[in-house]
Each structure stands twice: as structure tokens, then as C-alpha cells.
Amino acid sequence: MKKLSLAIALLLAPAMAQAWPWSQDMANQVSTKPQEGADPANPGMVPFPKRSVPVPGTTTIVKDAAAADKLKNPIPADEKSVATGGKLFEIYCTPCHGKAGHGDGLVGAKLALKPYDLSADMTKARSDGFIWGYMTFGGAVMPTYGNDLSPTERWHVVNYVRKVVQQAPAAAPVAKK
Ligand code: HEC
0 MKKLSLAIAL LLAPAMAQAW PWSQDMANQV STKPQEGADP ANPGMVPFPK
50 RSVPVPGTTT IVKDAAAADK LKNPIPADEK SVATGGKLFE IYCTPCHGKA
100 GHGDGLVGAK LALKPYDLSA DMTKARSDGF IWGYMTFGGA VMPTYGNDLS
150 PTERWHVVNY VRKVVQQAPA AAPVAKK
């Protein structure tokens, strides 16, 4: 009878069955776990060599948008960078900011706070670091792109915004009804 009630209890509360030792069997293997050193004498992650820098040499971590605002754009806005930025802009930014960056994307139209026109004087006056930081941290409604775009890719998008979005003729004013 005891066994039966235990079986019923497990069936009724599957979460309890998870707590039994066998639920750990797959995890407890000889394989190396994330963040675990291969050398048992030195457990823990192998530290980076002293004075190492990220491969493209760009800053990858900043504290917040204010810190990002002060960053200098390390990627020259040459043809290649602008072209790469354009491809990324089309994928990640056009849904809200629209093809030309005027804030008229199809997804953006559904938001309570409308995406800004990136060719407007306000954004023109921003620093490169500000735009980079907006992608890194997101805004009030705008999501963060810090995980989707690498730091270098974000600079390419900044270059595209500067050279294409903000150089094109301004958006035609929306006709008032
Ligand atoms: C889901 C919709 C959405 C997507 C996608 C999106 N944005 Fe935004 N963006 C917004 C909204 C809404 C705002 C208005 C301010 C806010 O949300 O904080 C904004 C504001 C901005 C601003 C601030 C402009 C200023 O001068 O204050 C920048 C810069 C910007 N977006 C750049 C980008 C870039 C570059 C991308 C592509 C990597 C992008 N956004 C993708 C919705 C979006």
C-alpha cells in the first residue's frame, strides 16, 4: 500500500520525481563542464593571457549608454564598412525604422512609442558612440541588439546610418488629414 501511494504521489507531482537522484545521472559525467578547467589541479576557467585584447581591437564592453556616448568610432566609414552596415541595417533595423531609416517600418507602426526618424537633426547631432550605445543597450521601447550584433558590426551600422541614412534627402513630411 505504501508503494502504491508513493507511485501515485509521484504521478500527481512529476516535479517531485525530478528531485530524485537519478535525475542527475546525465549531468554527472566525466565530461568537462562549462567554465571548468581541463586540468584537475587547476579547476576553473583558464584566464586570458595578460594584456590580451579582442581580435578586432575594438571595445567590446561598456558600462552603460553614457560610457558608450564617449566612445570613438574605431572603424573607418569606407565602402566596405558601409555596405556591411547596410546589410545589417536591412535585417535588424528596417522592421521598425523603415528602409530609409525614417521611422516608418511595418513593425514600428504597431508600437506605442514610434521609432525615431534616424535621418532627423536630433539623431544627426548624436555622437557615433550614442548610436552604437543605443544598439548595445536598447531604448525605452527599442530592444537591445548587443547580443545579435558584434561590437564591430554595430560600428558598421553606425557608419551606414551616417553615410546613407543621414545623407539621403529628408523624409517627405507626412500629409495631415
Ligand atoms: C522593435 C523596433 C525597433 C527596432 C528593430 C530598432 N529600433 Fe531603434 N528605436 C525604436 C524605438 C521605438 C525608438 C524610440 C526611442 C526608444 O524606444 O527609446 C528607437 C530609437 C532609436 C535611436 C535613438 C535616436 C535618437 O537620436 O535618440 C537610435 C539611434 C536607433 N533607434 C537605432 C536603431 C538601429 C541602428 C537599429 C538596428 C540595429 C534599430 N534602432 C532597431 C525601435 C526599434
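At the far end of the sequence shown sits residue 176, using numbering that gives the first Met the number 0, and the numbering has no gaps.
All C-beta atoms, glycine included, are put in the ideal place defined by N, C-alpha and C.
To the nearest angstrom, how far is it from the Cα of residue i to the Cα of residue j?
{"i": "serine 51", "j": "glycine 104", "result": "41 Å"}
{"i": "proline 114", "j": "tyrosine 159", "result": "18 Å"}
{"i": "lysine 1", "j": "asparagine 41", "result": "48 Å"}
{"i": "arginine 161", "j": "leucine 110", "result": "25 Å"}
{"i": "glutamine 166", "j": "valine 54", "result": "31 Å"}
{"i": "valine 29", "j": "proline 48", "result": "27 Å"}
{"i": "proline 79", "j": "histidine 155", "result": "The amino acid occupying residue 79 in the given sequence is lysine; proline does not appear at that position. Rounded to the nearest angstrom, the two C-alpha atoms are 9 Å apart."}
{"i": "serine 126", "j": "alanine 119", "result": "14 Å"}
{"i": "glycine 85", "j": "aspartate 68", "result": "22 Å"}
{"i": "aspartate 116", "j": "tyrosine 144", "result": "18 Å"}
{"i": "leucine 35", "j": "tryptophan 21", "result": "Per the sequence shown, the amino acid found at residue 35 is glutamate instead of leucine. Going from the Cα of glutamate 35 to the Cα of tryptophan 21 covers about 23 Å."}
{"i": "alanine 124", "j": "leucine 87", "result": "22 Å"}
{"i": "asparagine 183", "j": "alanine 8", "result": "Since the first residue of the chain shown is 0 and the last is 176, residue 183 is not available in this structure."}
{"i": "valine 61", "j": "valine 45", "result": "23 Å"}
{"i": "alanine 12", "j": "glycine 43", "result": "37 Å"}
Could you tell me which of the options sits nearest to residue i, measuring between CA atoms?
{"i": "leucine 112", "options": "Gly138, Arg125, Asn27", "result": "Gly138"}
{"i": "proline 142", "options": "Asp116, His101, Asp120, Pro94", "result": "Pro94"}
{"i": "leucine 148", "options": "Gly132, Arg161, Val140", "result": "Gly132"}
{"i": "tyrosine 122", "options": "Phe136, Gly100, Leu110", "result": "Per the sequence shown, the amino acid found at residue 122 is threonine instead of tyrosine. Of the listed residues, the one whose Cα sits closest to threonine 122 is Gly100."}
{"i": "valine 140", "options": "His96, Lys49, Arg125", "result": "His96"}
{"i": "threonine 135", "options": "Glu35, Asp63, Phe88, Asp120", "result": "Asp63"}
{"i": "alanine 65", "options": "Val106, Pro150, Ala76, Ile130", "result": "Ile130"}
{"i": "threonine 151", "options": "Asn72, Val164, Cys92, Val163", "result": "Asn72"}
{"i": "valine 164", "options": "Val81, Ala8, Asp38", "result": "Val81"}
Are there any heavy atoms of the ligand MG lying less than 7 Å away from the beta-carbon of residue i, as far as the coordinates show?
{"i": "lysine 113", "result": "Inclusion of the ligand MG in the displayed structure is not the case, the ligand content consisting of the ligand HEC alone."}
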